[in-house]
Structures are given as structure tokens and as C-alpha cells.
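Numbering (the working numbering), first residue to last: 74 to 467.
Backbone N, C-alpha and C fix where the C-beta goes; we use that ideal spot for every residue, glycine too.
Worksheet for the structure shown next.
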RNA sequence: GGGUCGGUGCCCGAGCGGCCAAUGGGAUCUGGCUGUAAACCAGACGGCUUUGCCUACGGGGGUUCAAAUCCCUCCCGGCCCA
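Following this line, the structure appears as C-alpha cells:
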């Protein structure tokens, strides 16, 4: 199990041991392990961060185990605060059901559609009674919750902690009970929630699940964790060119971090790859292209990856115009400022003027910075380093 | 319920009668440098019919020549105590 990590070695050993036993039992009884992970539908897209656990699920799947993806339609209405030192906006049931559907679909970029159960935890959690909830809650102490770093921090800062937040771990924990899970995967900060599940399972007379946690993926800016709301993500279903471009814009250091987490490369290959880059035997840019190509081919196939790479090299390295330039019809003559708004290059005329004065606009390969310029004929407009627009008469 | 602090631009936050479309940081955009990197440097960052005007500092009302800043009121929230 390369890539899994825990807060302390003791726990890691215990979990390793537990997993080994489970696998042995499973082999004896010829019963596949029930393995699951959950994602709250807090944003419409799954991204490379999710791919870490998804790929691990896929491995289990390929070994014949029973894989379930839980979409946290109910848990999202609480909002998990495990990864942050503040509250989180709660989702309404309407928002979550919409996202739930697309999550299921996006999972299949990695998982085998035929063999995967995609379920929504609202289906069973919403049926719990208050009596049930009290029963669940009685398995934990307030101190156990307050001992968590992020709660502690908030108390020290006199920042609010919602009472409902405590239910998050309970509900996620009950998912494990409901599924009778053998193994639960998650990012490192999920350890508390996963162990809460294991504890509840024991309370319900089930063997506690094995927790497997994985490092958090930093986003494209290389600092904060990848997330949709921070806008630093690479979506699993994004267009090949977008994926390729975003991966190439990542810093060398971030690329190195990503290698072991998001690729399908064997561990030894990753080590070797890193070593080559560090020794200067492999140029970081070439390395990054290989990474980008690999990832795009995972989600869109090799051919799309080839095309994305070619498109990238053409537009960014050779300065050529891409094939898929957006074309807009206008009526000539039209002031350049208005034209920039019409083609969507700027949100307002003021913004368009700013782009012009900043020297960002090229019309037919000529830089134009006068805001009284006028477009009289079909033109190719380049805005900034990578946005192209074609204007034709209507 | 009592006390107390607060609600400012995408986010965080400073301002506490005029010099405020509002300091600073983050995010974002643009330019420079580069390997389309990152880091770094520079600029921009409400809108418009752009030497000016309009809209904005929780909502409404008021004082004033002038209010994000003072007063009244309403709404919303934090913390502490009960």
C-alpha cells in the first residue's frame, strides 16, 4: 500500500495489520472486501484530488473487491470542517442531489462502471430518528471532538463551532455501519471521521473497518489543497487542452509532489523519474509534459493526449494560432473596445480599456493599445498570452 | 435574558465627518523575465457617454455645505455570562 499515510507509526502498523488479516479472511471465505470512500457534493466537479482515492478504489476493484462510492448528499448539508479552521457553508438538499448525479458519472472516468455501486447517504441517513441519533452520539465524548486540532484552534481564537458540526463524524461513521464496510479510504484529515465509523461499527457488533488515508493534493498554485472553490483544480472531465495547460502551469516542485499521487506509474518508476529530474538528466519542462500527457491520456485516451500536447506546443511554444478559435460575428465597423466585450474577452468596457492599456491585445499580430481603435474587417484578436478570438462580419 | 463586539469591494481586513471608489494582504488579470513554468519585478483590479459623472461600505430614516465614518431605527451575526 504505497502512498497511504497516518499520523503516527503505531496506527499505521495497526491498520496495516488489520488490512492484512481482512485480506486473508476474505481469501479464505472467498468473500470480497467491501471497500468505500465518500465525497460530499459540495462542488460540481471531481478533480485530481479525488483521483487519489478513486484510483486506489480501482486497484481494489481490479483485485476483485466490492467497491462503493458514497455521495454525501446528507453529510454535505452539514459541511465537513475537517480540512479547515472555520465553518463551511452548508448545502441544501436540492443542491446536493443535482451534484450527486454528476459525481456518479465522473467517478467512472476511473472506476469500472459495471462493478461500482454509487449510492447517496441521504438514502439511509434521512431515515434516522432522533432516538437513533442520540444512540450514535452516546458513543462519543465532547472531549474527543474538542481534542481535534481544528476545533481547538477555533476555541483558542474565539471562533464559533456549530453544534451540528459534531454530527458530521457521526453520520459519516454511520455510513460505514450501513455499508458494513471492511475498508474506508480518505484523505489524511478524514482519519477522525473514519475512525468514528470504525467505532460505531463495533458498537453495532460489526468488525471495525480498516482506515486507509492518503496525502492531500496541493492545487495548481502549489500552496493550498486542491479544491473547486479555490479555483486551483484540474477537473477529471475537463477538456484535454485545459487539463494539459493547467498541468503545465504547475511549478516544478508541485509537479514532483503530484507524481506519486496522481499517476498510474509504478512506485519505482516515480522514484526514478524524480531522481532524473533532480539530477538534471530530465528537463523539468519535458518531465511535466510527460506528466500532463499521462494524465490526459488517463481521462481522455492517448489520442486526445497527443492532440493536447501538440496544441500546447503549437500555441505556447511556437506561437501558432490554435485550430479551435472561437469565432464571433459582428457588424463592421465596430470600436475595438466594444468588440472585446462582444467576443467575451472582457466583462465590461472598462475592463477592455484596461487590457488595451496594459498591452494585452493583438489584432492580426499587431499590438494595439489605443482605445479608439476600430475593427473594419475580419480579424484575429489575441488577448493575453493564450486567448484567441476570430471576428467575422455578420 | 444580561453584557459586549461586529456587519466594508471576489475573500480577509484597515478606515471611524471632507484629502474615500475607500490603505494593506490574498485571489485574479496584464506586462517584464522564463522552460506557456514557478519564484521575482512592475501595473491593473465597480461602472459609464471617462479632465467628469453614476453606483457602492447590512436595510431604512435623519443631522451636516459634506457621512463608510455622527444620531435614530430595523435586520443579521460573533464572543462571554445566565
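Taking 8 Å as the cut-off, the Cβ atoms of residue 378 and residue 313 count as close. A distance of 8 Å or more separates the beta carbons of residue 317 and residue 398. The segment 95-104 and the segment 171-187 do not touch, with fewer than 3 CB-CB distances between them shorter than 8 Å. Sequence-distant Cβ neighbours of residue 416 in its own chain, meaning closer than 6 Å and more than five residues away, are 401, 462.
Residue 146 and residue 114 do touch by the CB rule: their CB atoms are close to 7 Å apart, below 8 Å. Contact annotation: the segment 265-278 does not touch the segment 184-203, with fewer than three C-beta pairs closer than 8 Å. Counting only the Cα atoms, residue 368 lies some 8 Å from residue 335.
Relative to the Cα of residue 328, the nearest Cα in the group 364, 442, 308, 310 belongs to 364.
Excluding residues up to 5 positions away in sequence, 243 lie with their Cβ nearer than 7 Å to the Cβ of residue 210 in the same chain. Residues of the same chain with a CB within less than 6 Å of the CB of residue 169, apart from the 5 flanking positions on each side, are 114, 146, 149 in chain order.
Per the DSSP secondary-structure output, residue 193 pairs in a beta bridge with 144. Note on residue 356: under 16 other CB atoms within 10 angstroms of its CB, so exposed under the neighbour-count rule. DSSP, read as helix, strand or coil, puts residue 175 in helix.
For residue 455, DSSP records a beta bridge to 435, 461.
Annotation for residue 246: no beta strand (DSSP E) segment contains it, though the alpha helix (DSSP H) segment containing it runs 239-252. In this structure, residue 321 places its C-beta atom within 8 Å of the C-beta atom of residue 385. Taking C-beta separations shorter than 8 Å and ignoring five residues to either side along the sequence, the partners of residue 326 in its chain run 295, following chain order.
Taking the C-beta atoms as reference points, residue 250 is found no nearer than 8 Å to residue 92. Between residue 305 and residue 247, the alpha-carbon positions lie close to 32 Å from each other.
The three-state reading of DSSP puts residue 440 in strand, counting E and B together. Taking 8 Å as the cut-off, the Cβ atoms of residue 428 and residue 419 count as close. When only Cα atoms are considered, residue 372 and residue 124 end up about 11 Å apart. For residue 214, the closest C-alpha among the options 240, 279, 287, 340 is that of 240.
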